[in-house]
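Scroll down for the structure; my scribbles are underneath it.
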Amino acid sequence: MNIFRLAGDMTHLASVLVLLLKIHTIKSCAGVSLKTQELYALVFATRYLDIFTDFISVYNTVMKLIFLGSSFSIVWYIRRHKIVRRSYDKEQDTFRHYFLVLPCLLLALLIHEKFTVKELLWTFSIYLEAVAILPQLVLLQRTRNIDNLTGQYVFLLGAYRSLYILNWIYRYFTERHFVHWITWIAGLVQTLLYADFFYYYFESWKNNVKLQLPA
Amino acid sequence: EEETDVKDEL
């Protein structure tokens, strides 16, 4: 475990906790895309099947359980909680799941390391994670009015992706640990999706004004 | 072929 990986995992954890805390304490999911949250739940459910087959470390297992638990809780809150669900803006969150899920499924069937169920699901989850933030970014751009917590959530997620790339570079040089090129490409694509958001996030932070994305 | 991609990340 290197510092980039640890910092990446911690920002990832913080992003999820920020979102859960926001929803739980202010009982509102305004500005949060249910589509993105459902896609993340699907990402974790397909990727972490290995908790049943492989043991890596207690840290690894605990983190996987947290990500699974938190993503499904968030979906539950938005769909089922009687107060939270009222704040969900269904009209604005119109991105279609299958628009992202189907291409990722096809891509996983075409480009993968090994043709096994577990490996295909893992590859699918890598592709899907790369694009799962899109409904959230579209929603932010549409509503423009971004509250602090939602802004921080997206910022922390972007930070997590950037730190993972540094982690791969570090691991390559120190451990000769090769991350498969599928992971590299998906990771880079995912990080680039945040570039635009980062730009406006830092601008608003520098100028000390409320974060607003251009329409 | 050596095992290069151990999936120990999250």
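Heads up: the sequence lines are chains F and C, in that order.
When we follow our numbering, the leftmost residue of the first sequence carries the number 403, and every step to the right adds one.
When we follow our numbering, the leftmost residue of the second sequence carries the number 7, and every step to the right adds one.
A virtual CB, placed ideally from N, CA and C, is assigned to each residue, including glycine.
For clarity, every value in this text was computed on a predicted model and none was experimentally measured.
Reduced DSSP category for residue i - H, G, I as helix; E, B as strand; rest coil
i: R487(F); result: helix
i: F599(F); result: helix
i: N550(F); result: helix
i: P616(F); result: coil
i: E7(C); result: Confidence at E7(C) is low in this model, with a pLDDT of 42, below 50, so the placement of that residue should be treated as unreliable; the coordinate-derived value is given next. E7(C): coil per DSSP, three-state reduction.
i: L436(F); result: helix
i: L16(C); result: coil
i: E605(F); result: helix
i: E515(F); result: coil
i: I567(F); result: helix
i: V464(F); result: helix
i: M403(F); result: coil
i: C506(F); result: helix
i: D411(F); result: helix
i: N610(F); result: coil
i: E577(F); result: helix
i: D534(F); result: The residue asked about is misnamed: residue 534(F) is Ala in this sequence, not Asp. In this structure, A534(F) counts as coil in the three-state DSSP scheme.
i: F457(F); result: coil
i: F497(F); result: coil
i: S417(F); result: helix
i: S475(F); result: helix
i: K520(F); result: helix
i: K429(F); result: coil
Contact set between residue i and chain C, taken where Cβ atoms lie within less than 8 Å
i: F474(F); result: Neighbours of F474(F) on chain C: none; closest Cβ ~16 Å, over 8 Å.
i: F469(F); result: L16
i: D411(F); result: L16
* To do: Give, in chain order, every residue of the stretch 452-466 of chain F whose Cβ lies closer than 9 Å to some Cβ of chain C.
  => For the stretch 452-466 of chain F, the residues whose beta carbon sits under 9 Å from a beta carbon of chain C are, in order, D452, D456, I458, S459, N462, M465, K466.
* **chain C contacts from the stretch 500-534 of chain F (Cβ-Cβ distance under 8 Å)** => Taking 8 Å as the Cβ-Cβ cut-off against chain C, the residues of the stretch 500-534 of chain F that qualify are E515, W524.
* Cβ pair count under 8 Å reaching 3, the stretch 561-578 of chain F against the stretch 592-601 of chain F -> The stretch 561-578 of chain F is in contact with the stretch 592-601 of chain F.
* Report yes or no: do three or more beta-carbon pairs, one from the stretch 447-459 of chain F and one from the stretch 425-439 of chain F, lie closer than 8 Å? => Judged by pairs of C-beta atoms under 8 Å, the stretch 447-459 of chain F does not touch the stretch 425-439 of chain F, as fewer than three such pairs exist.
* Asked: Can you find at least 3 beta carbon pairs, one from the stretch 572-592 of chain F and one from the stretch 508-527 of chain F, that sit closer than 8 Å?
  -> Yes, since at least three Cβ pairs between the stretch 572-592 of chain F and the stretch 508-527 of chain F fall closer than 8 Å, the two stretches touch.
* To do: Would you check if the stretch 432-443 of chain F and the stretch 470-486 of chain F touch, i.e. whether three or more CB-CB distances between them fall below 8 Å?
  => By the Cβ test, the stretch 470-486 of chain F is in contact with the stretch 432-443 of chain F, since at least three Cβ pairs between them sit closer than 8 Å.
* Is there contact between the stretch 486-499 of chain F and the stretch 548-555 of chain F, where contact requires at least three CB pairs shorter than 8 Å? -> Contact annotation: the stretch 486-499 of chain F does not touch the stretch 548-555 of chain F, with fewer than three C-beta pairs closer than 8 Å.
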